[in-house]
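Using numbering that gives the first Met the number 0, the final residue of the sequence shown is 162, and nothing's skipped along the way.
We put the CB at the ideal spot given by N, CA and C, even for glycine.
Some notes on the structure that comes next.
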Amino acid sequence: MANYDHRVGLGHDTHRLEAGRPLILGGVFIPFERGLSGHSDADVLLHAITDALLGAAGLGDIGEAFPDDDPANAGRDSSEFLLAALARVRQEGFRVVNLDCTIFAQRPKLSPHKEAIRQRVAALLGVPASLVNVKAKTGERVGPVGREEAMSADAVVLLVRDT
Ligand code: MG
C-alpha cells in the first residue's frame with residue numbers, strides 16, 4: 000500500500016507601490032496607475048507562492064535562492080523564480096496537492112482579475128485550476144495596504160510525495 004509524505008508551506012510578501020511601474024500580480028498585468036517596486040518585477044503574489052513552495056520542501060526562502068543584490072535578478076520576471084523553485088521541489092520528489100492564497104490591496108478592485116490570476120498560477124504550477132484558489136482583500140483603509148502604500152500576499156501550499 001502506498002504511503003504519502005505531505006508537507007505544508009507558508010509564504011508572505013510585501014512590496015511598496017510606486018508610480019511609473021507596471022502592476023503584475025500572479026503573472027498577470029493589472030491596469031492601474033501605479034505598480035509594485037522592487038529589484039525584480041516585484042510580483043508580490045508569485046514571491047509569496049515561491050516561498051510557500053520552498054518552505055514546504057524545506058528548501059529555505061526566495062531571498063537565499065534569488066538574492067536581490069544579484070544584477071541577474073534585476074527586473075526579472077518572477078515566474079522564473081517560481082518555476083526554478085518548482086523544479087527544485089520536483090527534484091525532491093514532491094508534487095503540488097493544492098495552493099491557496101490571498102492578495103491584500105486597497106485598490107484596484109481585484110475581483111475582475113482573480114480568475115485570470117488563478118489560471119496563470121495553475122499553468123505555472125502545472126496543475127489544474129481547480130487546485131488553485133485566489134482570494135483578495137482590501138486593507139480596510141488602515142495600515143500600509145489600506146493607505147495604498149503597499150500590497151501584500153499570503154500563500155499556503157500542500158505538497159506530497161510517495162514514500
Ligand atoms: Mg518580494
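Would residue 52 and residue 84 qualify as a contact pair, given that the criterion is a beta-carbon distance under 8 Å?
Position 53 of the sequence shown holds residue 52. Position 85 of the sequence shown holds residue 84. Result yes, Cβ atoms of residue 52 and residue 84 sit closer than 8 Å.
With 16 other Cβ atoms within 10 Å as the buried cut-off, status of residue 50
Position 51 of the sequence shown holds residue 50. Buried is the call here.
Taking the DSSP output, what are the residues bridged to residue 50?
The residue given as residue 50 occupies position 51 in the sequence shown. Under the DSSP definition of a beta bridge, residue 50 lacks any partner.
For residue 98 and residue 150, I'd like the C-alpha separation in whole angstroms.
What you label residue 98 is simply residue 99 of the sequence shown in a count that begins at 1. What you label residue 150 is simply residue 151 of the sequence shown in a count that begins at 1. C-alpha separation (whole angstroms): 20 Å.
Which same chain residues, not among the five before or five after residue 118, have their C-beta less than 6 Å away from its C-beta?
Numbered from its first residue, the sequence shown carries residue 118 at position 119. Taken in chain order, the residues that qualify are 128.
Chain-ordered list of residues that sit, by beta carbon, closer than 5 Å to a heavy atom of the ligand MG
Taking a cut-off of 5 Å from the heavy atoms of the ligand MG, the residues with a C-beta inside it are 12, 46.
Can you grab the Cα-Cα spacing for the pair residue 5 / residue 159, in whole Å?
Taking the sequence shown and counting its residues from 1, one reaches residue 5 at position 6. Taking the sequence shown and counting its residues from 1, one reaches residue 159 at position 160. Approximately 4 Å, taken between the alpha carbons.
Quick check on DSSP: helix, strand or coil for residue 65?
Here the question's residue 65 lines up with position 66 in the sequence shown. The three-state reading of DSSP puts residue 65 in coil, since its state is none of H, G, I, E or B.
Can at least three beta-carbon pairs, one atom from the stretch 102 to 117 and one from the stretch 61 to 78, be found at a separation below 8 Å?
Segment contact: the stretch 102 to 117 against the stretch 61 to 78, fewer than three CB-CB distances shorter than 8 Å; contact not assigned.
So within the stretch 102 to 145, which uninterrupted beta strand (DSSP E) runs reach at least 3 residues, ignoring any that extend past its ends?
Unbroken beta strand (DSSP E) stretches of 3 residues or longer found wholly inside the stretch 102 to 145: 131 to 136, given in chain order.
What are the start and end residues of the alpha helix (DSSP H) that includes residue 85?
On the sequence shown, position 86 is the one that residue 85 refers to. For residue 85, the enclosing alpha helix (DSSP H) starts and ends at 77 to 90.
Tell me which residue opens and which closes the beta strand (DSSP E) that residue 17 is part of.
The residue you call residue 17 lines up with position 18 of the sequence shown. According to the DSSP assignment, residue 17 belongs to the beta strand (DSSP E) that extends over 3 to 18.
Smallest Cα separation from residue 29: which of 48, 42, 38?
Counted from its first residue, the sequence shown places residue 29 at position 30. Comparing Cα-Cα distances from residue 29 to each of 48, 42, 38, the minimum goes to 42.
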